[in-house]
Structure formats: C-alpha cells, structure tokens
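> Pasting in a structure now, in structure tokens, and then I'll have a few things to ask.
In my numbering, the protein residues as written are 75 to 637.
Written out as structure tokens, the structure reads:
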C-alpha cells in the first residue's frame, strides 16, 4: 500500500515536470517582420526586415502588387543575424498608387510558416520640388546668378540661396526656416568680429584726416628721386597705409586720390597709374591688421596674431617686386625723375609722420608683445586715431567724427549681413554634403599637399573675380578645412595663401571689387582701369606660387615670433 502511494507521487511529479518544461523545450515561433520600405528616384525600391525562429540562409519570398494586379516576385536570403533586405530593385513596371508588399516564410513542403504585409505609395509623376532636390547645387547656383544679373546686392542672393536650400532639404516645410536665422546669428556671434568695425572706423578717420597725407610725404621724401620713384612711392604708401587700415578699398581711396594727380604730372599713363593703385592696395590685405585674415581666422579657428605676422613677409615681397617693375616701366617709357629731397626735408617728413607710424607699432608691437589681442588692438587703434586727428592734427571736429561713425556703421552693417548670410549659406551647403560631392569629383582626397594648395589657390582666385572676398572666405574655407587638416598643411600658411589669392581676385577682371572702387573714385571707364593690370596680376600670382613651394616666405617671421 505504501509502495503504491510512493509510485503514484513519482508519476505525478514526472507529469508535473513535463508540463513545466515543455514550453522551454518547444521551438521558437517563426516570425517575419517588414521594418522599412524606401523608394528613391521614383522607381528604385528598397525593403528591409528580419525573421525569427528560422535557420539562417533561408529565403524570404516577397511579392509586390499594384491596383492593376501587376506583380513583382522577389527573394531575399536571411543572414546569420536574422536580417534580410532587397535593395535597388526597379519597380517601374508597376502602376502609380498603393503598392501592396507581402513577405512570406515557407517550409520545405511549401506551407506558409509566417507572413507580413505592408503598403507603400508609388508616384512617378513629375514633382518640381523633388526635381530641384535632385539638382540641389545647380538650382541654388542658378538662383544666385540670376539675382546677381538682376542687380541685387550680394547679401540678397546669399540669403535667397540659403532659404531655398533649407526649403529643399526639408521638402518644402517652411517651418524649418528658423535654421537660416539661427545660422546667421551664429555667424556673427564670434567676439573676434568686433575688431572688424573698429579697424574700419580707424581707417575711415585717418582717410578723412591728415594721417594718409603725412605717410605719403614720408615715403616720397626717401624714394621719389630714383627712376620710377613716384610709382615706387605709391606702392610703398599703400603698404604703409595697409598697416594702418587693413582694407584694400580704403587704401585705394586714401592713397589713390592724392597720388594719382602727381603720377599724371610725372608722365605716367593713366592705365598704369590705375593698375598700380588697385593692385598695390592688395598689399593692405596681407599687412596686419588685415580684415580678410580676421574673417579667415574666425572661420578656420586659426590664430589671428599668427596670421597677422605671417602676412608681413609676402606683403614686403610684393612691394619689392612692384618697385622693380615700376623702375623698369620708368626706364622703358623714359619717365623723368623727381628732384632728390634734402636730409632736412626727409627729417621733417619723418617727424610729421611719427604719429601716424604709431599705428603699426601699436598693432603689431602690441600683439607681438602679448600686450593685447587683435580685438583689443582694434579698440586701441580707434582711440589713437581719434586723439591723433582730433587733438594732435586738429583736422576733425565732433561733427566730423559723428559723420565718420555713421559711415562706419553703414559699412559694418553690410559686412555683418554678408558674414551672417555667408555662414547660413555655408551651413546649407555642408548639410547637403555639396562640398564632399564637389571635392570628390576633382579627386582632392587623393592629392598631396601641393595639389591641395593649387586647388585652393585656383578656387579662391576665381571666386573673388566674381564675388566679394568676405563671402568667398565664408563659403569656401569650411569646404577646404577638413582637406587641409587631412594632408597636414599648416593652417596659417593656408590662410596666408588664401588671403593673397582673395586680394588678387579682388583686383582681377571681370568683377573684382577693387576695380569698381577705382571706377567710382577716379571716374574712369572700366576698360581703362583694367588695361594695365596683367603685369601686376602676373607678379602677384608668381608670389602665390612661390609661397606654395617656399612656405618660409610667410612662416619665417611667424616661427620667430611664436615658436
């Protein structure tokens, strides 16, 4: 009796154990899931999914069917992770409208083990926004060109291009236009940009006062007596004033206006005079304080003090070569020489120019000595200009300073709108990966350092022949910065080369901005202004090439100062 009870308990325990363990021993349920469907370029179909409870390498059978009962049969193999996919299948034979998608798993006997269904929409009709998206870069470029040809200022095509880009990127969702505003504000947020209006203001004060005139007299007193001395003095005066203003256009106005009549009286052709003034002003873009270098330093996150010092060597080399060409021109054209200044005249000129010469001493010396930053140097230069022209020379009154500040405010507003619009436009291009596509087309990733520098030089030179230099820097620098880092180039060297190319392009036909500044200031026709530019452009391009192969031209002083 006791034995039968024990046997009964054992049987019950075995049965109960089987009931508990049977779910664990059973095989996993077979499932198939459709995760994602994608249709690209109207008819290129992609389908992704996964399966569970089946052996790997088993096939998933997919059926696509439309409203007209047209069918496409496909198959996809399950990988070791349980995933399956159908990619780049042309479904152009199906009719527009809803397409039913069925994915099935069958056993060896053909019995369906699992099934999943979904739908997608096929639309092969013409979609204007989609077509513009397929030609993204060309669409934006065409819009900007049309607006420029219609006479709109550069800021309008930039803002319009950025707006259209966001509209296309977000498939016509106008609520996303906030990104344009955000990027414009981010573009003008860097604190270093404060230096730009301050340098513009100090240059404007000196242009209206007597500082430029005293600097011209100083250079003339020492070199006017040599052959071609007047032309050499012009190039030298542009260099010295560039160390004060940092602006090519301010240099054209301040130096060109008083010196052009003297050069005409000295027997120089007007085409040579205009070309000399326009191209010598390029030196102002290299000699610190350079507004172009400030913009580049902010965009490329490169040391602005190092850029300032690196620009001195190329600037002095260009001055030397321009002087040689001026002497040769004077000999060929039998230009008479000016009377030699006495040492008393030189001493007087030097004494009168001591105050204006304080500008480069303060700017370069203060930055080099670590006394203040470039932004602080800009603030000091404004204060120095006000004291000089208001108290020392007494050439400007309170009303003059007000008018100068108002003029600077207008110029600053234009510059900052360009900076903000350029930043937004550059962000749109980067988000759409347009730079990667363009650089991939020319194979820049496979180039060495010389090849990259050559491409950069050509891009900036050509760009500034048509567009404002600040805009070109804002758009192109973010495109090339990753490549510069990848090939191990010194960003200060690259910045100096870019600044030079920007300066050259600004004085090069057809639309260099310095050319139109000269047209407005000197009231001369376009072809007369550009007629004498080829020799100067050749010299400038020669210096640019020399900097590529001999980087010490710009980096020597930088290394002495900061290494």
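No residue lacks a Cβ here, since even glycine has one placed at the ideal position from N, Cα and C.
Determine the direct distance from the alpha carbon of residue 411 to that of residue 621, and round the result to whole angstroms.
Walking along the chain shown from the start, residue 621 turns up at place 547. Walking along the chain shown from the start, residue 411 turns up at place 337. Approximately 34 Å, taken between the alpha carbons.
> Taking the alpha-carbon positions, what's the residue 126 to residue 156 distance?
For the purposes of this step, residue 126 is taken as the residue at position 52 of the chain shown. For the purposes of this step, residue 156 is taken as the residue at position 82 of the chain shown. Rounded to whole angstroms, residue 126 to residue 156 spans 6 Å at the Cα level.
> Is it buried or exposed, residue 526, if we count other Cβ atoms within 10 angstroms and call 16 or more buried?
Along the chain shown, read from residue 1 onward, the residue named residue 526 stands at position 452. The residue in question, residue 526, is buried, as its Cβ has 16 or more Cβ neighbours within 10 Å.
> Do residue 361 and residue 432 count as a contact pair if the criterion is CB distance below 7 Å?
What you label residue 432 is simply residue 358 of the chain shown in a count that begins at 1. What you label residue 361 is simply residue 287 of the chain shown in a count that begins at 1. No; because the gap between Cβ atoms is not below 7 Å, this pair is not in contact.
> In chain order, what residues of the same chain have a beta carbon less than 6 Å from the beta carbon of residue 383, not counting five sequence neighbours either side?
Reading the chain shown from its first residue, position 309 is the one you call residue 383. Closer than 6 Å at Cβ, skipping near neighbours: 631, 632 and 635.
> Pull up the distance between the alpha-carbon of residue 302 and that of residue 243, whole angstroms please.
Here the question's residue 302 lines up with position 228 in the chain shown. Here the question's residue 243 lines up with position 169 in the chain shown. Their backbone Cα atoms lie some 58 Å apart in a straight line.
> In this structure, how does DSSP classify residue 409 when only helix, strand and coil are distinguished?
Locating residue 409 in the chain shown gives position 335, where the first residue counts as 1. Three-state result, residue 409: coil.
> Please classify residue 516 as buried or exposed, where buried requires at least 16 other C-beta atoms within 10 Å of its C-beta.
Counting from one through the chain shown, the residue named residue 516 turns up at place 442. Answer is exposed; the Cβ neighbour count stays below 16.
> Pick from 566, 280 and 204: whose alpha carbon is nearest that of residue 246?
Here residue 246 is taken as the residue at index 172 of the chain shown, counted from 1. For the residues 566, 280 and 204, the minimum Cα distance to residue 246 belongs to 204.
> Taking only three categories from DSSP, how would you classify residue 144?
Here residue 144 refers to the residue found at position 70 of the chain shown. Correct three-state label for residue 144: coil.
> Rounded to whole angstroms, what's the CA-CA distance from residue 445 to residue 438? Just pull it up for me.
The residue given as residue 445 occupies position 371 in the chain shown. The residue given as residue 438 occupies position 364 in the chain shown. Computed Cα separation, rounded: 10 Å.
> Taking the C-alpha atoms as reference points, what is the distance between residue 331 and residue 596?
As a position in the chain shown, residue 331 is number 257, starting the count at 1. As a position in the chain shown, residue 596 is number 522, starting the count at 1. Whole-angstrom Cα-Cα distance: 7 Å.
> Have a look at residue 193 and residue 551 and give me their C-alpha separation to the nearest angstrom.
Locating residue 193 in the chain shown gives position 119, where the first residue counts as 1. Locating residue 551 in the chain shown gives position 477, where the first residue counts as 1. Approximately 46 Å, taken between the alpha carbons.
> Take every Cβ of the region 487 to 504, pair it with every Cβ of the region 529 to 549, and state whether three or more of those distances are shorter than 8 Å.
With the cut-off at 8 Å, the region 487 to 504 and the region 529 to 549 touch.
> Straight-line CA distance for residue 294 to residue 474?
Within the chain shown, numbered from 1, the residue matching residue 294 stands at position 220. Within the chain shown, numbered from 1, the residue matching residue 474 stands at position 400. When rounded, the distance between both Cα atoms is 28 Å.
> Near residue 231, which residues of its chain fall below 6 Å by C-beta distance, leaving aside the five closest residues on each side in sequence?
Your numbering for residue 231 matches position 157 in the chain shown. Counting only Cβ-Cβ distances below 6 Å, and skipping sequence neighbours, we find 218, 221 and 222.
> Thinking C-alpha only, which one of 224, 136, 139 and 402 is nearest residue 300?
For the purposes of this step, residue 300 is taken as the residue at position 226 of the chain shown. Closest by alpha carbon: 402.
> What is the C-beta distance between residue 611 and residue 399, in whole angstroms, given that I count them as a contact (C-beta under 8 Å)?
What you label residue 611 is simply residue 537 of the chain shown in a count that begins at 1. What you label residue 399 is simply residue 325 of the chain shown in a count that begins at 1. The Cβ separation is near 12 Å, so there is no contact.
> Tell me which same chain residues have a C-beta within less than 7 Å of the C-beta of residue 95, skipping the five on either side of it?
Here residue 95 refers to the residue found at position 21 when the chain shown is read from its first residue. Caution applies to residue 95, whose pLDDT of 46 falls short of 50 and renders its modelled position unreliable; the model cannot decide the point.
> Using the Cβ count rule (16 or more neighbours within 10 Å means buried), how would you classify residue 396?
In the chain shown, residue 396 corresponds to position 322, counting from 1. Residue 396 should be labelled buried.
> Hey, out of 121, 110, 338 and 573, whose CA is closest to residue 355's CA?
Counted from its first residue, the chain shown places residue 355 at position 281. The option with the nearest alpha carbon to residue 355 is 573.
> Kindly indicate which residue of 347, 270 and 536 has the alpha-carbon position closest to the one of residue 318.
Numbered from 1 along the chain shown, position 244 holds the residue referred to as residue 318. Checked all of 347, 270 and 536; the closest Cα to residue 318 is 270.
> Taking the alpha-carbon positions, what's the residue 112 to residue 197 distance?
Mapped onto the chain shown, residue 112 falls at position 38. Mapped onto the chain shown, residue 197 falls at position 123. If I take the Cα positions, the gap works out to 12 Å.
> If contacts are defined as beta-carbon pairs under 8 Å, then residue 342 and residue 409 qualify, I think. What distance do you get, rounded to the angstrom?
The residue you call residue 342 lines up with position 268 of the chain shown. The residue you call residue 409 lines up with position 335 of the chain shown. Between residue 409 and residue 342 the Cβ distance is about 6 Å, and since that is below 8 Å, they are a contact.
> With a threshold of 7 Å on Cβ separation, who are the neighbours of residue 314 within its own chain once the five nearest residues in sequence on each side are excluded?
Walking along the chain shown from the start, residue 314 turns up at place 240. The answer, listed in chain order, is 289 and 293.
> Restricting to Cα atoms, I'd like to know which of 615, 266 and 392 is closest to residue 528.
The residue labelled residue 528 in the question sits at position 454 within the chain shown. Per the Cα distances, 615.
> If we ignore side chains and look at the alpha-carbon of each, how far apart do residue 99 and residue 144 end up?
Within the chain shown, residue 99 is the residue found at index 25, counting from 1. Within the chain shown, residue 144 is the residue found at index 70, counting from 1. In this predicted model, residue 99 has a pLDDT of only 45, less than 50, meaning its place in the structure is not dependable enough to derive any value.
> With distances taken Cα to Cα, identify the nearest neighbour of residue 348 among 609, 110, 150 and 460.
One-based indexing of the chain shown puts residue 348 at position 274. Closest by alpha carbon: 609.
> Going straight from the alpha carbon of residue 350 to that of residue 364, what length do you get?
Looking up residue 350 in the chain shown gives position 276. Looking up residue 364 in the chain shown gives position 290. Computed Cα separation, rounded: 20 Å.
> Helix, strand or coil for residue 336, going by three-state DSSP, please let me know.
Translated into the one-based positions of the chain shown, residue 336 becomes position 262. Note: residue 336 maps to helix in three-state DSSP.
> Less than 7 Å between the beta carbons of residue 163 and residue 140, yes or no?
Within the chain shown, the letter at position 89 stands for residue 163. Within the chain shown, the letter at position 66 stands for residue 140. No.
> Kindly indicate which three-state DSSP category residue 374 falls into: helix, strand or coil?
Here residue 374 corresponds to residue number 300 of the chain shown, with the count starting at 1. Note: residue 374 maps to helix in three-state DSSP.
> Among all the DSSP beta bridges, which residues are the ones paired with residue 164?
Mapped onto the chain shown, residue 164 falls at position 90. Partner(s): 118.
> Closer than 7 Å by C-beta to residue 429: which residues in its own chain qualify, once you throw out the five before and the five after it? Chain order, please.
Within the chain shown, the letter at position 355 stands for residue 429. Same-chain partners within the cutoff: 462 and 466.
> Thinking C-alpha only, which one of 132, 559, 549 and 249 is nearest residue 182?
The residue you call residue 182 lines up with position 108 of the chain shown. The residue with the shortest Cα to Cα distance from residue 182 is 132.
> For the beta strand (DSSP E) that residue 173 lies in, which residues bound it at each end?
Locating residue 173 in the chain shown gives position 99, counting from the first residue. Counting along the chain, the beta strand (DSSP E) containing residue 173 begins and ends at 171 to 180.
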